[in-house]
Structure formats: structure tokens, C-alpha cells
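Note that full-length UniProt numbering has the sequence shown beginning at 1, numbered continuously upward. The beta-carbon is built from N, C-alpha and C at its ideal position, and this holds for glycine as well. Keep in mind that this is a model prediction, so the values were computed, not measured. Following: one structure in C-alpha cells, then a few remarks.
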Amino acid sequence: MRYHLGNRNFLKSLLAAAITIALASFRAFYLVRGAWSPHAQQKSPRYKGIVSRQLLETTPDDNANANTTLTSRQLRKGITPNNAQDTYTNSSSDSNDNEREYTAVARETLTINTFTNFQPPSDASFGLNTLDNGLFLADGITARIVAISGHKVPYHTDGGTFSTTPFHARPDGATIVPDPRPSNPGGYIYVSNSEVPHHNGGVGALTFTAQGQILDYRRVLTGSTMNCNGGKTWFGAWISCEEDFDEENGNCWQVDPTGVRVPPAQPITLGSDGGVFEAFAYDIRNPSKPRFYITEDTSWGPLRRFTPDAPDFNKPWEVLLGPGQTEYLLLNPADGTFFWTTDKNVAGQNARAFYPNSEGIDVSGNMLFFVSKVRHTVFELDLDAATYVQKSTLGGLFEGQPDILRNLLDDNNGDNTLLLFTEDGGDRAGIHARDSDGNFYVLCESNLFQPETTGIAITPDGTRIYFAYQNDGILYELRRNDNQSFRVAALNLKTHPAEMTDAERRKRHRRYS
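Below you can see the structure in the form of C-alpha cells.
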């Protein structure tokens, strides 16, 4: 059957109109969905699901007439008018310090998720009755914004000075180490990964005084790729792991948080054959034979163990850089035992079958814990007996698993009573905790930001907790109003949802380029 469409010019015009409409629709979809280039970190990022924000450092008097104060009720409902400005106060622990403000300018219509049925958990010891800087907080806790991705970090000085380098994008795994420099007695350094692809990632370091005042921010590793998690060493180094899904050729970097050493970062021997690395842990109960471990977030990535040939603890910064033997984990589910092999291919097949996509890892005494997100399982390896057990994480990492908590809290953390952890997904992303009996607590939650919290770390005295909302690039500090210790510990066992395949994750990461 034929249809008469008139002359050829009419057909060309119709085709051109269709193409124009299609391009306009694609552009509209692209702007709503959001895209972000790591090559323009100082520009406002756009992320799927939240508004694009341009964050400006101002004084309290700047733009005074433009600010729109949002009520608690508006924030609970996720309501912000077009072009409204949310003012976040960055307060010093010293009441005499000047207050500075970050002003968040909403440039588009907000599409923030809301708490449709928000209620503080009835079984929590704390109620979320306080709203501060965009967070719902347990009673007795105060929050401040420390840094925002793409913007210079304000120092706590009378001159109103800022860092030379903007705070890094997509903050991920982090830790706190004591500042070893005599010029900053009692100070500490918050070390944070930047999970950005195509050699635009790295590590940033924030230096604080003992009172929590910001002295310095600098990049201590640049040019790396998808720095995801890692782990700290006993001598003060941060091991930053590259989760390179595109090239599958990531390294693990030994980073000096002070940035003083030359060079400040070096790739370690463990993982030098390349991979999609996630987290790091160590066992130095036997100083003559220390063991170091990394996980790999692929379906075929075996857990790796490195034993240095001739470790010299008088030169700790060299222990992970020299020669040694790398072995790979083999699980034997038939009798609940495990052993190590130098055959990477065999171990990869074993990982695919029994513990694919390993993420968080931690060591407590003779017990090694690691998580397979695909299997929704936490594995507990007895390093001395070479036996293991596995338990489901479908109800949450520590749901119904108080024995894990007792091992970690009672045996390794002295008088700490709460174990902190973060969870991805949903409208209640924040900082949660469980005690040694498995009881659940909530320190803070938010519905204003995308649902992945990262970089949880605790100061040596336990009085401050730091964490970030990764996609929004906002780093928070939590404190108790009475300035006492939280009496908490953190565990490097974070896991992500496993809905995506490896190929889908590669596609997602390429979207950030």
C-alpha cells in the first residue's frame, strides 16, 4: 500500500522537524538526568535526582536580601522554591571565631526525594528531633559543613582565608590519622579519596587542630583513577585503592597524609598486577611475618594476601614497597576451611563461585571480615585456624549478627560501645550504629541529598565524627553538644547494593568522564 506524501521537499522538511524535536527531547532529558565532567571541578556539578547547586563562599552580610530562610517543615518535605538560597552556617568550636556561611543557590526546580512517611525509629535511643544544616539529628548532636566539592575550604582564621585548592569531587573512603608534626600538637588529618575516573581522581587531606579548627587542605595524590576505599596503616599512611572498572588496571597507593614525603604517594607491591580494588587491611600480630590484604570488586576478583620478604619495622614506609609474595584466597565450602594459592586464575574461579565482588574488609585480632555484595554475605575468617563461616547481610550488614559486633567492639575497641556504619539507598541515608547486643541507633539522616554516605571517620578522642554525602560532595562534622566522646568505633566493611552488573557499573562510571 502506498501513501502520498507530496513532493520531496515536504518529506525533507518533515524529517528535519523530527530530528529537531528528537534533539530537543534528548537535551531536556540530559539536563534533567544530569551529567558531570571531572575536568571542571570548580563548576557546579549536576547529579541525577537532585538539583544542580552553585555553592558560593560568602560572609553573613553578603546577599542578605536574597536569602530565603527555609522552615523545618519545608526541609522535612524537601520543599525549596526556585532560585531560593539555603544558608549553611559553618561554625567553629570556638565561640569567638567568626562564622562563615556557604550559600547554596538552587538554579533549577528541585527534584529532591522526600520522606513520605518519615518517623524516627521507635527502637532507637535517640529521636531525630533536631534539624541542622540539612540533617535530621539525634538529640544532643550538632552538625557543621566542613567542605563542599569544587569550592575552596574556609580556614578558621581571622583573615577569612581559604585553601588554594578546591575540595575534591565525589569524596569516598576516608580515615583520620594523628598529625605527626610538632607544630600541630594533638592535631589530626582527615584523608579522603576522590572517586573520579580517567586519572582525575586522587586523595585530599584536611588538617585540623586538636580543637577541630581547619588549618590546611591539599591534594596529596592526583592523577589516579576511581579512588574508592582503602585502609590505614599502623605507621600513619593511607592506602588508597583504585576501582578502575574501565581499564581493570588499578593500583593501591601508599599516601602520606601530610604531603611532606617525597614523593607523597607511591604504588605498593600488593595489587601491582592491576585490578578493580576496593579496601585494604593488615595483620601485624607477628612482626616478622606481617600480612596485608586487599579486596577486588569484580566477579572474578580474589581476595589477595601479601607477605613482604624482609620487613623492617624500623622503616615502615618501605615495608609495602619492597618484594614479597602475593597469594589468593581459596574457600572450601565443603568443610568450611580456606587456604591460599599463588594461582590467580584458579583463585579467580573460586571467587566467582563463592565470594564475587568483595568490598569492605577489616581485621580484628585473629579474625578477618570481608563482604561479598553479590552474595549478600559477610565472611568471617579465623586466620589462625584457617576456618570460616558466612552469614547473610540481606537484613542489613549487622542485622541479627550481634556476635560480629561483640567480636569487634569488646575485643578490639576497649570501652567503645557503638559501632558506626553507613548504608546506601533509600531516603534514610545517614550514620547508623549498633551496639554489642545488636540494638539499632540513628545519629543522623537526610532527605536532601543523594543516598550514599561515605568517608566515615572518628577523631582519636572520639569527640568528632566526619562523613560525606558523596554525589553532593558535602563533608560534615558531627559533635555532641556536651563535647564528650561519642564512644563509638567505625568498621571498614561498607558494601554497596548489588543490583548492577559489572558491565552496567562500567557504563555508569564512563558517564562521569
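Exposed or buried, F370, counting other C-beta atoms within 10 Å across all chains shown (16 or more means buried)? buried
Can you give the beta carbon distance from V319 to P290, rounded, assuming they're within the 8 Å contact cut? 7 Å
What span of residues does the alpha helix (DSSP H) with V346 cover, start to end? K344 to F354
Close Cβ partners of L491 (< 7 Å) along its chain, the five nearest in sequence each way excluded: D362, L408, L419 and F421
Touching by the beta-carbon criterion (3+ pairs, under 8 Å), the segment 309–323 and the segment 339–351: no
My understanding is that F162 touches P154, with C-beta atoms under 8 Å, so please give their C-beta distance in whole angstroms. 5 Å
Would you identify the three-state DSSP class for Y88, choosing helix, strand or coil? Summary for Y88: the model assigns pLDDT 28, below 50, so the residue's position carries little reliability, and this model does not support an answer.
Near S95, which residues of its chain fall below 8 Å by C-beta distance, leaving aside the five closest residues on each side in sequence? With a pLDDT of 32 at S95, under the threshold of 50, the modelled position of that residue is not reliable, and the figure given next carries that caveat. Closer than 8 Å at the Cβ level, and outside the excluded window around S95, lies no residue.
Let me know if L253 comes out buried or exposed under the rule of 16 or more other beta-carbons within 10 Å of its beta-carbon. At residue 253 the sequence reads Trp, which differs from the Leu that was named. Looking at its Cβ environment, which holds 16 or more other Cβ atoms inside 10 Å, W253 is buried.
Determine the direct distance from the alpha carbon of T233 to that of T307, and round the result to whole angstroms. 15 Å
So for N319, helix, strand or coil by DSSP? Checking the sequence, you will find Val at residue 319 rather than Asn. The answer is helix: DSSP assigns V319 an H, G or I state.
State yes or no: is the C-beta of T258 within less than 8 Å of the C-beta of P333? no
Straight-line CA distance for L493 to H156? 33 Å
Secondary structure at S358, three-state DSSP: helix, strand or coil? strand
Just tell me which of F136, L368 and L448 has its CA closest to the CA of R304. L368
Report all residues from its chain with a CB closer than 7 Å to the CB of G324; omit the five preceding and five following residues, and keep chain order. T269, F306, T307, P308 and D309
What do you get for V220, buried or exposed, if any count of 16 or more other CB atoms within 10 angstroms of its CB means buried? buried
Please report how far the alpha carbon of S240 lies from the alpha carbon of C228, in whole angstroms. 7 Å
Is Q213 helix, strand or coil when you go by DSSP? coil
Do the segment 285–301 and the segment 341–358 touch if we need at least three Cβ pairs shorter than 8 Å? yes
What does DSSP give as the partner residues of G137 in its beta bridges? It should be pointed out that residue 137 corresponds to Leu in this sequence rather than to Gly. In the DSSP output, where bridge partners are listed per residue, L137 has T130 and C444.
Compare the beta carbon distance of T454 and S485 with 8 Å and say whether it is the shorter of the two. no
Find out if the Cβ-Cβ distance for the pair R144, E380 is shorter than 8 Å. no
So, for E278: in the same chain, excluding its five sequence neighbours on each side, which residues have a beta-carbon less than 7 Å away from its beta-carbon? C228, N229, C241, E243, T295, E296, D297, S358 and E359
Is the segment 126–141 touching the segment 173–187, taking contact as three or more C-beta pairs under 8 Å? no
Hey, I148 and G430 are a contact pair by Cβ (cut 8 Å); roughly how many whole angstroms apart? Actually they do not touch by this definition, with Cβ atoms about 18 Å apart.
Would a C-beta distance cut-off of 8 Å place V146 and L475 closer than the cut-off? yes
Can you list, in chain order, the residues of its chain with a C-beta nearer than 8 Å to that of R352? Leave out the 5 residues immediately preceding and following it. S299 and W300
Can the beta-carbon of Q450 be found less than 8 Å from the beta-carbon of Y469? yes
Same chain only: Cβ atoms within 8 Å of V374, ignoring 5 sequence neighbours per side: S299, P356, N357 and A498
When you compare only the Cα positions, how much space is there between V346 and T164? 49 Å
Hey, quick one: how far does the beta strand (DSSP E) through I458 stretch, first residue to last? T453 to I458
Give me the residue from Y328, S364, G336 and G365 with the minimum Cα distance to G348. Y328
Beta-carbon proximity list for G231, same chain, < 7 Å, skipping 5 on both sides: I239, A279, F280, A281 and N492
Is S25 buried or exposed, if buried means 16 or more other CB atoms sit within 10 Å of its CB? Because S25 carries a pLDDT of 47, less than 50, the predicted location of this residue cannot be relied on, and no value is offered for it.
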